[in-house]
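The structure appears below as structure tokens.
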Amino acid sequence: MREIRFDRFGGPDVLTLHSDAPTPEPGPEELLVRVSYVGLNPLDYKIRDGSSGRAKDLQLPAGTGREMAGTVLSAGSDLDDAELGSRGLTPGTRVFGMRAPADHRGVAAEVIAIAADELAPIPDEIDDADLPRWAGLALVGLTAIATIEDTAQIRSGQTVLVHGGSGGVGQLLIPMALEAGAAQVWATGRATNAERIRDLGATPIAYDTDDWQAEIRRRTDGRGVDVVLDTHYHSTFVPSLDHVAGSGLVVTLPTLADLTPAQERGVEAKVPHLRPGRDRLDRLVQGIRAGRYPLEVSQVLPLAEIARAHRLLEDGHTRGKLVLDARA
């Protein structure tokens, strides 16, 4: 079995494809899944280079990747046919999902063992050609739900600024904010991605050709927005504090974000905490089927090109999701 692993923290080249990895055995409440596609996220390279808090207790060598789409092969001892049937997870079922935060195992492998609670079935009408999008849905989708519903708690009539509107999470934050009742959503992105942001329902602000701060000041008559959803953080968090309305909120997605500048200014700032689970995965299924969450896959690379994929991730300008083909 092929599997991507790394034995030390470092750059993309520490990621190695092993062709003789043992096939895992599922735990009592786990499923054995043949992986078709692996969704990639900035968290992956931050764990690989050791900069993420999740790298602190990671035992090396380790696998990589958090989310995937694949097909159920078999189940652990506590999951009988009746239980699998009630969950819609019988062998042969196509599934998508992500590992829970406490599960440090990777998913960039041909076969994985993963908790049944972290998976949901992919609807039968979905064509196999669309599976890459489902592989990249779970982590960004669950992050977006946690951001919009649990943390920002966006209310009807509020104005919202999304930093990184064409990225993987941004492409779901925009429609979910509108779904929650936002009256106006602005989203920053490169000029080449303006049409995509507009298609998602937001007003684009091209940060590479315009001064986004001046634009927000002009468009809000100096009031600022009610909520800032910041997927970038490093270059945008502190400047955003100048563009929040009096009782507004800044939600920054990196888990290690330093909120001190906001606290010193008296601006409310929060970091969302992802909550996985079948109920929220099913919510994403409903949104995709209804056409409300049009997540875009920008590129699909073979498993062996994991280092190249991580370089693209680190570049920070990926539109939508990067996905690995675990079959190639």
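Position one of the sequence shown corresponds to residue 64 (this note's numbering), numbered consecutively onward.
In this text, a Cβ means the ideal position worked out from N, Cα and C, and glycines have one as well.
When you compare only the Cα positions, how much space is there between residue i and residue j?
{"i": "L344", "j": "A209", "result": "12 angstroms"}
{"i": "Y108", "j": "E377", "result": "7 angstroms"}
{"i": "G220", "j": "G199", "result": "30 angstroms"}
{"i": "T62", "j": "M239", "result": "No answer is possible for residue 62: the residues shown for the chain start at 64 and end at 391."}
{"i": "D262", "j": "E92", "result": "41 angstroms"}
{"i": "N256", "j": "P339", "result": "30 angstroms"}
{"i": "A254", "j": "D83", "result": "45 angstroms"}
{"i": "D144", "j": "D166", "result": "25 angstroms"}
{"i": "I279", "j": "E327", "result": "23 angstroms"}
{"i": "I110", "j": "A118", "result": "5 angstroms"}
{"i": "D213", "j": "L236", "result": "13 angstroms"}
{"i": "D70", "j": "L123", "result": "5 angstroms"}
{"i": "W197", "j": "L241", "result": "22 angstroms"}
{"i": "G102", "j": "E181", "result": "15 angstroms"}
{"i": "D273", "j": "A250", "result": "13 angstroms"}
{"i": "S149", "j": "D271", "result": "50 angstroms"}
{"i": "V77", "j": "H373", "result": "11 angstroms"}
{"i": "Q362", "j": "L375", "result": "10 angstroms"}
{"i": "M64", "j": "G311", "result": "51 angstroms"}
{"i": "R341", "j": "E368", "result": "31 angstroms"}
{"i": "R162", "j": "R355", "result": "24 angstroms"}
{"i": "T153", "j": "A325", "result": "49 angstroms"}
{"i": "D151", "j": "V360", "result": "One detail in the question is off: residue 151 reads as Gly in this sequence, not Asp. Rounded to whole angstroms, G151 to V360 spans 26 angstroms at the Cα level."}
{"i": "N104", "j": "P87", "result": "24 angstroms"}
Is the CB-CB distance between residue i and residue j below 9 angstroms?
{"i": "L358", "j": "V248", "result": "no"}
{"i": "A132", "j": "L194", "result": "yes"}
{"i": "Q276", "j": "H297", "result": "no"}
{"i": "A215", "j": "L304", "result": "no"}
{"i": "E66", "j": "G169", "result": "yes"}
{"i": "A366", "j": "L387", "result": "For the sequence presented, residue 366 should be read as Leu rather than Ala. Yes, the Cβ-Cβ distance between L366 and L387 is below 9 angstroms."}
{"i": "A172", "j": "G126", "result": "yes"}
{"i": "R382", "j": "S229", "result": "yes"}
{"i": "L224", "j": "V330", "result": "no"}
{"i": "A243", "j": "R259", "result": "no"}
{"i": "T222", "j": "T283", "result": "yes"}
{"i": "P89", "j": "A370", "result": "no"}
{"i": "R286", "j": "A308", "result": "yes"}
{"i": "L347", "j": "A183", "result": "yes"}
{"i": "V174", "j": "R97", "result": "yes"}
{"i": "A176", "j": "L106", "result": "no"}
{"i": "V232", "j": "A207", "result": "yes"}
{"i": "T318", "j": "S115", "result": "yes"}
{"i": "V313", "j": "K333", "result": "yes"}
{"i": "L20", "j": "V135", "result": "Since the displayed the chain opens at 64 and closes at 391, residue 20 lies outside it and no answer follows."}
Can you tell me whether residue i is buried or exposed, with buried defined as 16 or more other CB within 10 angstroms of its CB?
{"i": "G252", "result": "buried"}
{"i": "Q234", "result": "buried"}
{"i": "H336", "result": "exposed"}
{"i": "A353", "result": "exposed"}
{"i": "S99", "result": "buried"}
{"i": "T299", "result": "buried"}
{"i": "A320", "result": "buried"}
{"i": "P85", "result": "exposed"}
{"i": "R281", "result": "exposed"}
{"i": "R390", "result": "exposed"}
{"i": "G113", "result": "exposed"}
{"i": "P164", "result": "exposed"}
{"i": "G350", "result": "buried"}
{"i": "R245", "result": "For the record, residue 245 in the displayed sequence is Ala; it is not Arg. Burial call: buried."}
{"i": "G379", "result": "exposed"}
{"i": "G227", "result": "buried"}
{"i": "G73", "result": "exposed"}
Hey, would you say the C-beta of residue i is under 8 angstroms away from at least one heavy atom of the ligand FMN?
{"i": "A320", "result": "Of ligands this structure carries none, so the ligand FMN is not represented either."}
Extract the residue ranges of the beta strand (DSSP E) inside the region 114-170, only unbroken runs of 3 or more that lie entirely within it. 130-138, 157-161
May I ask you to verify whether the region 183-190 touches the region 139-157, counting CB pairs closer than 8 angstroms and requiring at least 3? yes
Let me know the alpha helix (DSSP H) ranges lying completely inside the region 238-262, each 4 residues or longer, listed in chain order. 257-262
Pick out the complete beta strand (DSSP E) segments inside the region 249-333, 3 residues or longer, and give them in chain order. 266-269, 288-293, 307-315, 331-333
Going residue by residue through the region 351-384, where are the continuous beta strand (DSSP E) segments of at least 3 residues, counting only ones entirely within it? 360-365
My parser needs the beta strand (DSSP E) runs of 3 or more residues fully inside the region 65-109; what are they? 66-69, 79-81, 93-103
Report the start-end ranges of each beta strand (DSSP E) in the region 204-232 that is 3 residues or longer and not cut off at the edges. 222-226
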